[in-house]
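Scroll down for the structure; my scribbles are underneath it.
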């Protein structure tokens, strides 16, 4: 074989190799390849492996990466319902759901993230306009609504991204929150006011509980005292009744002695210390001073 024939053979082989390489394409896992013919989409290949097409410039293979991706949105300043500004940096997790729509509407991953950035920003503006700044920054946990806000933003982004760009967004979240310098004093004032409000609430609860405890204690003391007084009155009544019974029994068993004792008690009440009285002793109760025999006890004379 002469040199010219060898060169021709090598040239033919090179052309065949180049032609075959331009006709073959491979599809990787979690990728889709769109085959276009003169710029028009003719078929979609998503089965992993080797596939064939007409050589360029007739056919062209456009690979689409369907793996999940995460990107950060740009810093954007939002206005809340209470007219406060907040600067938010967000992130979004997304992947291609409709390769054909994605190719026609977006064309590339970089362009897709630019589109998504605008969609997320618009959703944040719309949602945050319905919330006060305290939903994002507050000393009171019950006022925070960050998760609720993220969910509303995600729903708005999903609807727009899927219908316009063939993109499925499964998560949107806040990565960083900052405040414009002019808003910081007002936010701190609001936080201090919230803390004072919480402290006042705790003090009011403490006073209320203390008053309730005092009222309960006073009621219990009053009940105990009333029961004690009732028991004392009962005991006094029983004692007086018992004393009356004793007096009655004594009077019945020894009336003369009882009368003498009664006169002695009367005399003791009348006479004090260092008392001087000039009285007749033939009348009660002073007759007891003359001795038992001088007392007019109504005892019949046995003589």
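Residue numbers (my numbering): 490 to 792.
No residue lacks a Cβ here, since even glycine has one placed at the ideal position from N, Cα and C.
Please state the DSSP three-state secondary structure of residue i.
| i | result |
| --- | --- |
| residue 606 | helix |
| residue 535 | coil |
| residue 558 | strand |
| residue 751 | helix |
| residue 563 | coil |
| residue 503 | helix |
| residue 744 | helix |
| residue 547 | coil |
| residue 789 | With a pLDDT of 45 at residue 789, under the threshold of 50, the predicted position of this residue should be treated as unreliable, though the coordinate-derived value follows. Reduced to three states, the DSSP call for residue 789 is coil. |
Please name the residue, chosen from the options, that lies closest to residue i on a Cα-to-Cα basis.
| i | options | result |
| --- | --- | --- |
| residue 660 | 648, 651, 640 | 640 |
| residue 544 | 615, 526, 536 | 526 |
| residue 533 | 523, 607, 642 | 523 |
| residue 520 | 594, 513, 607, 536 | 536 |
| residue 657 | 584, 699, 608 | 584 |
| residue 866 | 629, 581, 596 | Past the boundaries of the shown model lies residue 866; the chain is included only from 490 to 792, so the question cannot be answered. |
| residue 664 | 627, 723, 562, 554 | 562 |
| residue 517 | 507, 719, 554 | 554 |
| residue 540 | 491, 512, 558, 706 | 512 |
| residue 574 | 645, 668, 530 | 668 |
| residue 644 | 696, 700, 581 | 581 |
| residue 636 | 646, 629, 625 | 625 |
| residue 569 | 654, 617, 690, 588 | 617 |
| residue 549 | 530, 558, 557 | 530 |
| residue 655 | 507, 590, 501 | 590 |
| residue 558 | 704, 742, 586, 709 | 586 |
| residue 610 | 629, 714, 646, 705 | 646 |
| residue 622 | 607, 612, 608, 638 | 638 |
| residue 566 | 736, 725, 612 | 612 |
| residue 629 | 690, 572, 551, 592 | 690 |
| residue 736 | 725, 748, 726 | 748 |
| residue 601 | 501, 633, 649, 498 | 649 |
What do you reckon, is the C-beta of residue i under 7 Å from a heavy atom of the ligand HEM?
| i | result |
| --- | --- |
| residue 632 | Looking for the ligand HEM in the displayed structure turns up nothing, as the structure carries no ligands at all. |
Any idea which residues DSSP pairs residue i with across the strands?
| i | result |
| --- | --- |
| residue 552 | 522 |
| residue 541 | 513 |
First and last residue of the beta strand (DSSP E) that includes residue i?
| i | result |
| --- | --- |
| residue 527 | No beta strand (DSSP E) contains residue 527, which DSSP labels as neither H nor E. |
| residue 656 | 656-667 |
| residue 491 | Unbroken run through residue 491: none, as it is neither H nor E. |
Practice prompt. Tell me the start and end of each unbroken beta strand (DSSP E) in the segment 566-651 that is at least 3 residues and wholly inside, in chain order.
Written response: 574-585
Exercise for review: Report the residue ranges of all beta strand (DSSP E) runs contained in full by the segment 687-711; include only those spanning at least 3 residues, in chain order.
Suggested key: none
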